[in-house]
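Reviewing the structure listed below.
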Amino acid sequence: MAANEQLAMLVQPDRVHRSVYADPAIFELELERIFARAWLVLGHESQVRNAGDYFTTRMGREPVIVARQDDGSVRVLVNRCAHRGSMVCAETSGRTSSIGERFVCPYHGWSYDRGGELKAVPFSAGYAPGKLTELRLHAVPRVEDYRGFIFASLATDGPSLEEFLGPARASFDDLVDRAPGGELEVAGGVFKHVYHGNWKLMLENHLDGAHPAWVHASSVAVARNAPEPGAPGKEHYYDIAVRQMRQNGAPDAVWEATGMWTTPRGHGYMGDYHSDDRLVTGAGNPVFEEYRTLLVKELGKEEADRVLRVTLWNTIVYPNCSFMSQFRQLRIIHPLAVDRSVVYTYCYRMPKAPAAMFRDSIAFANVVNGTGSWVLTDDLEVYERVQRGLTSGEIDWVYIARGHGRDIQEPATLRGKTGTSEVYIRAQMRAWLDYMTAQPSS
Amino acid sequence: MTPEQFLFHEAQLLDTQRYEEWLALFTEDATYWVPLEQNQKDPHETSSLIYDDRTLLELRVKQFRHPRAHARAPLARTIHQVGNVVVDDLIVKSTLTVIEFRNEKQRLWAGLVEHQLRRERDSFRIARKRIDLVNSEGEIEGISILL
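Respectively, the protein sequence lines represent chains A and B. Under our numbering, the first residue of the first sequence is numbered 1, with each subsequent residue one higher. Under our numbering, the first residue of the second sequence is numbered 1001, with each subsequent residue one higher.
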């Protein structure tokens, strides 16, 4: 396996070796050293409200069950029978009742309770006394919550969640603070789109202010000729999406002026680039005014203004999450192979906000982020073309130099001098190298 | 023209890339819906793989023709195979199998389809088309074709 010195040669200040995206052996190492070490976003407390509620997901390639315990804590269990290795739960979500119903392995009927404890084994007389008490569903060692978002790490030690997130906490704060009562819930279904490209391509693309004018040229052009968004009371279902598509065609100066911050752990976030008042502040919209009134009543005018003035666009939580706090869309990426990834896209509802706001979230998801979107599919096409291009053995390097040497070191963040700086890739790659070359904990 | 013949005609327009003529089959108040969830009731409270009213559908077709529509350049070749047509007055249920070929990759899509038709002279127009893909809730690739 690649020695650390060899890995270090792959990531240079302004370029990255193509094998980081294309070498299956590097990918295997990423699963061990990144996905089995970092904190990963698994979901939200609303997905496991009550004791016994569970959902299944992946941590890297590990299938896991996220289950609410009787004491209110959340436990993450590796979805693998201790006996012969079958997945014990095939459902995407559900509820184990407190009496009887358990995670039962379909192969030989070994059953486990919601805490992962082995409760019953057919033909148990065949085992030496006490042998089976050592067995259970493996519990993921670290599980934490940040403002309702569930994180877990497969490593027994490492930085705390708070330290891991660092300044990126502010993006979760933005998402939660905007919700009246601080209440959010996953709602409206889950898009699951696959692309034939490396997982890092999506995390990079979501902070790339130089790509929309090119990748999304066609949807920008079409949206410009779309009917003008309707006046209050006469809106079209798709107005929010048309506004977003048009905004992707913002002039270069807008992208250059957008804030671009990164953290030492590879996270990054983008200041808002929207100049459309309706999108940003809901100007003139009665639904938004109703929502603003709710926030003012709850927080006071000063605090409500502060909350609504936060202008963040995409946030990347390296290595598995991307979200839009303002539009309440969150994506989790699961690496499947060096050249294959699947992205789960969730919408969040603010249950105490006007219902129409969630309909806007749904429209936005359908037209911009959904599996059949003309915006998303152009991104996917480009990821696949990059992956195919990187199979070329003639050229070794991927250039990530835009803005290099001009990045601005701030107390907790490294900021691009302009919004189109590739500082976010450099930060992700630096974090990548840190994970890949860190001494493994025994 | 029978409803069944009309569905075959619609499929043929798609398979010969006559997308503007296909669009013209839809009424001004039409919807074209590919739900995300099985038995999905509502297009506004739950996301959809595609939910277009007539305006969005027209924009979608225009986007197909844009020279920098990367996921559609070149346009996919498709075969829309329509089967099991059951006609109940103007509501027509059928099964759809689509083979898509583009950039050395062949994909297969399949679903249950429901058309709400309106009579127009000796033919029909489409007031509502709903396609429930068998794998709508699964891990699927981006949908860059018309179903």
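We treat Cβ as the ideally placed atom computed from N, Cα and C, and that holds for glycine.
What are the boundary residues of the alpha helix (DSSP H) that residue i is part of?
i, result
"residue 207(A)", "From DSSP, residue 207(A) is part of no alpha helix (DSSP H); its letter is neither H nor E."
"residue 1061(B)", "1054 to 1065"
"residue 188(A)", "Looking at the DSSP string, residue 188(A) is not in any alpha helix (DSSP H); the run it does join, the beta strand (DSSP E), is 185 to 195."
"residue 389(A)", "376 to 389"
"residue 262(A)", "That residue, residue 262(A), is in no alpha helix (DSSP H); its beta strand (DSSP E) goes 260 to 262."
"residue 425(A)", "423 to 437"
"residue 1024(B)", "1019 to 1024"
"residue 291(A)", "286 to 299"
"residue 173(A)", "169 to 177"
"residue 6(A)", "4 to 10"
"residue 1015(B)", "1003 to 1015"
"residue 359(A)", "355 to 364"
"residue 28(A)", "24 to 30"
"residue 161(A)", "161 to 165"
Thinking C-beta only, is residue j closer than 7 Å to residue i?
i, j, result
"residue 956(B)", "residue 1109(B)", "What is shown of chain B runs 1001 to 1147, which leaves residue 956(B) out entirely."
"residue 1144(B)", "residue 1077(B)", "no"
"residue 424(A)", "residue 132(A)", "no"
"residue 246(A)", "residue 210(A)", "no"
"residue 194(A)", "residue 342(A)", "yes"
"residue 53(A)", "residue 401(A)", "no"
"residue 41(A)", "residue 321(A)", "yes"
"residue 329(A)", "residue 365(A)", "yes"
"residue 435(A)", "residue 34(A)", "yes"
"residue 1007(B)", "residue 1061(B)", "no"
"residue 1117(B)", "residue 371(A)", "no"
"residue 196(A)", "residue 306(A)", "no"
"residue 1136(B)", "residue 1113(B)", "no"
"residue 1085(B)", "residue 1004(B)", "yes"
"residue 348(A)", "residue 154(A)", "no"
"residue 271(A)", "residue 311(A)", "yes"
"residue 117(A)", "residue 136(A)", "yes"
"residue 316(A)", "residue 203(A)", "yes"
"residue 192(A)", "residue 1139(B)", "yes"
"residue 1147(B)", "residue 189(A)", "no"
"residue 338(A)", "residue 122(A)", "no"
"residue 1142(B)", "residue 377(A)", "yes"
"residue 115(A)", "residue 68(A)", "no"
"residue 58(A)", "residue 398(A)", "no"
"residue 1125(B)", "residue 1025(B)", "yes"
"residue 367(A)", "residue 361(A)", "no"
"residue 256(A)", "residue 1070(B)", "no"
Across which residues does DSSP place residue i in a beta bridge pair?
i, result
"residue 1035(B)", "1048(B)"
"residue 347(A)", "187(A) and 329(A)"
"residue 111(A)", "104(A) and 120(A)"
"residue 399(A)", "15(A)"
"residue 316(A)", "268(A) and 322(A)"
"residue 409(A)", "414(A)"
"residue 334(A)", "342(A)"
"residue 136(A)", "117(A)"
"residue 152(A)", "40(A) and 143(A)"
"residue 1091(B)", "1088(B) and 1116(B)"
Within the continuous beta strand (DSSP E) that includes residue i, where are the two ends?
i, result
"residue 1087(B)", "1077 to 1088"
"residue 324(A)", "321 to 324"
"residue 144(A)", "142 to 146"
Measuring only from the beta carbon, is residue i closer than 6 Å to any heavy atom that is part of the ligand GDP?
i, result
"residue 398(A)", "Ligands in the displayed structure: none, and consequently the ligand GDP is not present."
Quiz item: Is the number of C-beta pairs between the region 97 to 116 of chain A and the region 77 to 84 of chain A that are closer than 8 Å three or more?
Solution: The answer is yes - the region 77 to 84 of chain A touches the region 97 to 116 of chain A, with three or more Cβ pairs under 8 Å.
Quiz item: Can you find at least 3 beta carbon pairs, one from the region 1063 to 1070 of chain B and one from the region 215 to 222 of chain A, that sit closer than 8 Å?
Solution: In short, these stretches touch, since the Cβ pair count reaches three.
Quiz item: In chain order, which alpha helix (DSSP H) runs of at least 4 residues are fully inside the region 1093 to 1117 of chain B?
Solution: Unbroken alpha helix (DSSP H) runs of no fewer than 4 residues, entirely contained in the region 1093 to 1117 of chain B, are not found.
Practice problem: Spell out a yes or no on whether the region 404 to 412 of chain A and the region 1046 to 1061 of chain B are touching, meaning 3 or more CB-CB pairs, one atom from each, closer than 8 Å. | Solution: No, the region 404 to 412 of chain A is not in contact with the region 1046 to 1061 of chain B.
Quiz item: Do the region 257 to 277 of chain A and the region 158 to 171 of chain A touch if we need at least three Cβ pairs shorter than 8 Å?
Solution: Because the criterion of three Cβ pairs below 8 Å is met, the region 257 to 277 of chain A and the region 158 to 171 of chain A touch.
Self-check item: Completely contained beta strand (DSSP E) runs for the region 1114 to 1145 of chain B, where each covers 3 or more residues
Solution: Counting only runs of 3 or more residues that sit fully inside the region 1114 to 1145 of chain B, the beta strand (DSSP E) segments are 1123 to 1133, in chain order.
Quiz item: Can you find at least 3 beta carbon pairs, one from the region 425 to 435 of chain A and one from the region 1017 to 1037 of chain B, that sit closer than 8 Å?
Solution: As far as the Cβ criterion goes, the region 425 to 435 of chain A does not touch the region 1017 to 1037 of chain B, which means the pair count is below three.
Quiz item: Is the number of C-beta pairs between the region 3 to 19 of chain A and the region 140 to 150 of chain A that are closer than 8 Å three or more?
Solution: As far as the Cβ criterion goes, the region 3 to 19 of chain A does not touch the region 140 to 150 of chain A, which means the pair count is below three.
Practice problem: Scan the region 36 to 96 of chain A and note each continuous beta strand (DSSP E) run of 3 residues or more that stays entirely inside, going in chain order. | Solution: The qualifying runs are 40 to 44, 53 to 59, 62 to 68, 74 to 78 and 93 to 95.
Quiz item: Touching or not, the region 347 to 363 of chain A and the region 221 to 240 of chain A, by the rule of three or more beta carbon pairs under 8 Å?
Solution: The region 347 to 363 of chain A is in contact with the region 221 to 240 of chain A.
Practice problem: Within the region 212 to 263 of chain A, note down every full alpha helix (DSSP H) run reaching 4 residues or more, in order along the chain. | Solution: The region 212 to 263 of chain A contains, as complete alpha helix (DSSP H) runs of 4+ residues, the segments 212 to 215, 217 to 224, 239 to 247 and 252 to 257 (chain order).
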